[in-house]
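Just below is one structure, and these are the notes that go with it.
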Amino acid sequence: MVAVLGAILGYPIYDLVRLSLQRYGLFELIQHHGVYIGLHNFGSVLHDGVFWHTLLRTIVFTVANVGLTMVIGTLIALLLVRISTWVRILLTAGLVLVWAMPQVVAVQVWSWMTNSENGVVNYILTKLHVGNYFQHNWYVSPFSQLALVTTLVVWGALPFVAITIYAALSQVPHDLVEAAEIDGARPWRVFLDVTMPVIRPVLLILTSLSILWDFGVFTQPYLLIGQGHIVPANYLMGIYLFEQGYVKADFGRGAAISILMLVIVAALSIVYVRKMVRIGDVE
Amino acid sequence: MTRRRAGGAAWNTLGLGVFVVMVFPVFWMISTAFKTDDQVNSFTPTWFSTTPTIRHFTDAIHRPFFWADVKNSVIVVLVTVVIAMALAFLAAIALAKYRFSGRKAFIVLMIGIQMLPATGLIIPLYVLLARYHEVNTLSGVIVTYLTFALPFSVWTLRGFIIGIPKDLEEAAMVDGSSRVGAFLRILLPLVAPGLVATSIFTFITSWNEYIFARILLNDQAKETLTLWLSFYLGTGRNTDYGGLMAASTLVAIPVVIFFLLVQRRIAFGLTAGAVRG
């Protein structure tokens, strides 16, 4: 049973490695076997300027998204502790509702809210005197496009992060916090010295998970920027892989890109894997 | 944390502010869906429609392929859930109850699979399914979803099974139950909540899945509902946002209902089980 399951799960990985060492295009797809060409695919990817630009852009994107998600998520969790019960129930219900929204649905709502003709975001920003956003087009530059994708990704990720951190906060001992406050510790110090050590493991796991989700993100940028407007200047790794491997039907090269992505992600979130393996082994 | 400062007016106002900002997109989707075309296209937004219409909803469900794609989504989701639960339950028992060689390797593999960004597997899975002529078939999509549903389900169910004391099962066998009898009468009822939670979670992830459906299915009659929604606007310049929001609401409704049912259970299982919500 377990062996069969292991095979089902492990086979795609084995296949991925084999593919990356082959020339495998449409012709080979029909023939059902590729031609071994060693590390040529990796060489070609690593010599592609677009790859390096995309990698750098994706890292900046990931840092921004994970950073915003974790900081705002923690702040919302801390806020949940301080508000009265009815506000907490309301806010939690709201967060769960947002959490439940399918990504593709959220993308459609975003495109409606930010359309340049009569998007409600432009209307609100103008009314709030943030500036004149009348018919402002958010989809003109790669920076603006990816900033918009960031708002969408962070909005979607916040509920899970905030609710999980809130659950972890309930583990923080009351008396310790009170003792620190009586001793005259400032809120910031209380947070760093008393709260932080307790919730650190949860923060670590959440950060690792966020890194691997945001690094490989595809649906939101692909659909929000729009198929017709995806260009190398706004590629993220997930989209680069999709365009190079699937759209161009160069599956060998796509496999090489996948492996490079997986290695980078694995390196970034090794903490999480080690922790999970330990949990699985101990119990 | 101390509850002493709980309920300050300033904190409550801030909490309500966060609520409004977070929920606004969902509110805006539903509110737009019920507006008339004039209200949708106006430069000054209408917050609540005083003359709500369900015309956008009737338009959406009469769009080409809506019902065909609903059927596809339902088939994919149901088959994935049933197979995943059957396999995951057995594997979880093996993992929780028995020590076997390669157990650790299996755990690493299972967690490793979950670690991979799904995007990283589109190429090998596409090539693999093409080899067996499973591209553009629902069965190909189901097999793909199983590779993702299984690790999470095994991991979560394992947690439920570990919680059951071995003595309970043994006591039943001492009392004359067969192994199967002990399994049916003792183990199954105790794991049932776990099975419900993981089924619903598998349901939600399969219903929402986009990238693999996009890559594997290229025939409108075979698409899932997520794909149908993503192509709603088409390439035309005249965007029917009222219809789009009504369609979005329809796609979101089943997920929201089921999600609300299991959220409490999943929220805590997630940090241990780890799959995107």
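Chains E and S supply the protein sequences, listed in that same order. Heads up: the first sequence runs through residues -8 to 274, numbered per the numbering used here. Heads up: the second sequence runs through residues 3 to 279, numbered per the numbering used here. Don't be surprised by glycine CBs; every beta carbon is placed ideally from N, CA and C. Please read these numbers as outputs of a predicted model, since none were measured by experiment.
Check, Outcome
"Determine whether the beta carbon atoms of V41 of chain E and P223 of chain E lie at a separation below 9 angstroms.", "yes"
"Residues of chain E with a CB under 7 angstroms from the CB of W13 of chain S: which are they?", "L70, R73 and I74"
"Expressed to the nearest angstrom, what Euclidean distance is found between the alpha-carbon atoms of P164 of chain E and P150 of chain E?", "24 angstroms"
"Counting only C-beta atoms, is I125 of chain S closer than 9 angstroms to chain E at any point?", "yes"
"Is there contact here, the segment 146 to 160 of chain S with the segment 206 to 224 of chain S, by at least three beta-carbon pairs under 8 angstroms?", "yes"
"State whether the segment 64 to 84 of chain E contacts the segment 121 to 137 of chain E, with contact taken as three or more CB pairs (one from each stretch) at a distance under 8 angstroms.", "no"
"Going by DSSP, what residue range makes up the alpha helix (DSSP H) through G196 of chain S?", "L190 to N210"
"Given a threshold of 16 other Cβ atoms within 10 Å of its Cβ, counted over all protein chains shown, does V98 of chain E qualify as buried or as exposed?", "buried"
"Strictly below 8 angstroms CB to CB, what residues from chain S border T198 of chain E?", "The contacting residues do not exist; T198 of chain E stays about 12 angstroms from chain S at best."
"In terms of residue numbering, what span does the alpha helix (DSSP H) encompassing E172 of chain E cover?", "H165 to I173"
"Near G229 of chain E, what residues of its chain come up, given a Cβ to Cβ distance below 7 angstroms and the 5 sequence neighbours on each side ignored?", "G207, V208 and F209"
"In chain S, what lies closer than 9 angstroms to V89 of chain E by C-beta?", "M24, V25, P27 and V28"
"Please list, in chain order, the chain E residues whose beta carbon lies closer than 7 angstroms to that of I213 of chain S.", "F209 and T210"
"Against chain E, does A254 of chain S count as a neighbour if the rule is that its beta carbon must be under 9 angstroms from one of theirs?", "yes"
"Does D6 of chain E come within less than 9 angstroms of chain S when only Cβ atoms are used?", "yes"
"Start and end of the alpha helix (DSSP H) containing D177 of chain S?", "Counting along the chain, D177 of chain S falls outside any alpha helix (DSSP H), and DSSP gives it neither H nor E."
"Does DSSP put Q13 of chain E in a helix, in a strand, or in coil?", "strand"
"In three-state DSSP terms, what is Y2 of chain E?", "helix"
"Does the count of Cβ pairs from the segment 218 to 226 of chain S and the segment 65 to 74 of chain S closer than 8 angstroms reach three?", "yes"
"Of all the CB atoms in chain E, is at least one closer than 9 angstroms to the CB of G142 of chain S?", "no"
"Can you list the alpha helix (DSSP H) stretches of 4 or more residues lying completely in the segment 29 to 106 of chain E, in chain order?", "31 to 37, 40 to 73, 76 to 91 and 94 to 104"
"Can the beta-carbon of V112 of chain E be found less than 9 angstroms from the beta-carbon of I156 of chain E?", "no"
"To the nearest angstrom, report how far apart V185 of chain E and W179 of chain E are at their CA atoms.", "10 angstroms"
"Quick one: residues in its chain with C-beta nearer than 7 angstroms to the C-beta of I95 of chain S, no 5 flanking neighbours on either side, listed in chain order?", "I163"
"Let me check understanding here. Comparing Cα to Cα, which of S:L123, S:K99, S:P126 and S:H58 lies closest to Y243 of chain S?", "S:H58"
"Using three-state DSSP, classify Y27 of chain E as helix, strand or coil.", "strand"
"With distances taken Cα to Cα, identify the nearest neighbour of V83 of chain S among S:F233, S:I259, S:F260 and S:F203.", "S:F203"
"Have a look at T34 of chain S and A248 of chain S and give me their C-alpha separation to the nearest angstrom.", "8 angstroms"
"Helix or strand or just coil, what does DSSP make of G110 of chain E?", "coil"
"So, using beta-carbon positions, are L97 of chain S and I109 of chain S closer together than 9 angstroms?", "yes"
"From L170 of chain S to I77 of chain S, what distance separates their C-alpha atoms?", "38 angstroms"
"Is the Cβ of I250 of chain E closer than 9 angstroms to any Cβ of chain S?", "yes"
"Just verifying my parser: in three-state terms, what is the DSSP assignment at Y226 of chain E?", "coil"
"Do T228 of chain S and Y212 of chain S count as a contact pair if the criterion is CB distance below 9 angstroms?", "yes"
"Which stretch, first to last residue, makes up the alpha helix (DSSP H) that contains L229 of chain S?", "L227 to S232"
"Just to make sure I have the definition right: I need the residues of chain E whose C-beta is within less than 8 angstroms of the C-beta of N210 of chain S. Which are they?", "P93, Q94 and V95"
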